[in-house]
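Single-structure report; data block below.
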Amino acid sequence: MNPRLRWKTRIFAAIVILSNALGNLSLTWGLRNGAGELTSPLSFLRAIFSPWVSLGICLLIAWMISRMFLLSWADLSYVLPVTAFGYVLNALLGRLFLGEQVTPARWAGTLLIMAGVILVGLGNPHTGDST
Amino acid sequence: MKAWSLLAVIIASTVTADLLQSHEMKRHGEIQDFRPSGLRRVLSALIGKRNLILAVACMAVSFFAFMALVQVADLSFAVPASAGSLVIETILARLLLKEHVDSRRWIGAALVACGVWLLAL
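Chains as they are written, first to last, in this note's numbering: chain A, 1 to 131; chain B, 132 to 252.
Right under this line is the structure:
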């Protein structure tokens, strides 16, 4: 891989991880602070247009687009393990900014899920011919 | 209890969306032309497909359920727990889509299942 593509891949992987984690954080923050309770379709619509929730949705759209871009040149078997770090980052942001209590069991569960996703990602993405 | 019900909705709708999407995209065949004109052709071929419309609807349900979930449960629970869909998807990919699932993928799915069980403690 040439250095330019290597850097492009690293930068996009970082954008994918950060936009997902920050998008979820912003969405959660907005929903817990002033968006009101989600009891009807109208309340969902009102919540979507509140500032933090809107920012969260924009970041999650950026996550989807940057992930699609990254997948256009990088293998899924690279993208899945690298972006699995996002599970830990989400837990970390929840702990730091939302004051959530992350118990040792929850950390262990998060790490197991990350390991599982990495293991799935390391496999051959196209198995149709091997049957 | 509400959190687990919402998580079940997220997982069920994500699994349904992914299965429908995968089924329809496999039927369409591999996309090889990534030029704007080629992508336009792909888009116009896929836009009216019933399975893809259903998949988008399921994704919307999953997103709204996720919004409701993070209001009643921790983010550090909601995000990893929603990865539980990977376990069901692996089983259904084998059963419905007749994909070959190797042992590494089964072990990965089992680790995710154990992780979700730990989150439930």
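No residue lacks a Cβ here, since even glycine has one placed at the ideal position from N, Cα and C. Note that this is a predicted model, so its numbers are computed, not measured.
Within the same chain, Leu137 come within 6 Å of B/Ala199 by CB-CB distance, once the 5 residues on both sides are set aside.
From the beta-carbon of A/Tyr78, no residue of chain B is found nearer than 9 Å; the closest lies around 15 Å away.
Rounded to whole angstroms, A/Ile65 and A/Leu55 show a C-alpha spacing of 15 Å. Across the structure, A/Leu70 and A/Leu98 are spaced so that their CA atoms are roughly 30 Å apart. Inter-residue distance for A/Glu100 and A/Gly94 is about 6 Å (C-alpha atoms, whole angstroms). Between A/Val16 and A/Leu31 the beta-carbon gap is near 23 Å, outside 8 Å, which marks them as no contact.
At a cut-off of 7 Å between C-beta atoms, A/Thr110 counts as an interface residue with respect to chain B.
Residue-level contact check: A/Phe44 touches chain B, since one or more beta carbons of chain B fall below 7 Å from its beta carbon. For A/Gly30, the enclosing alpha helix (DSSP H) has its first and last residue at 3-32.
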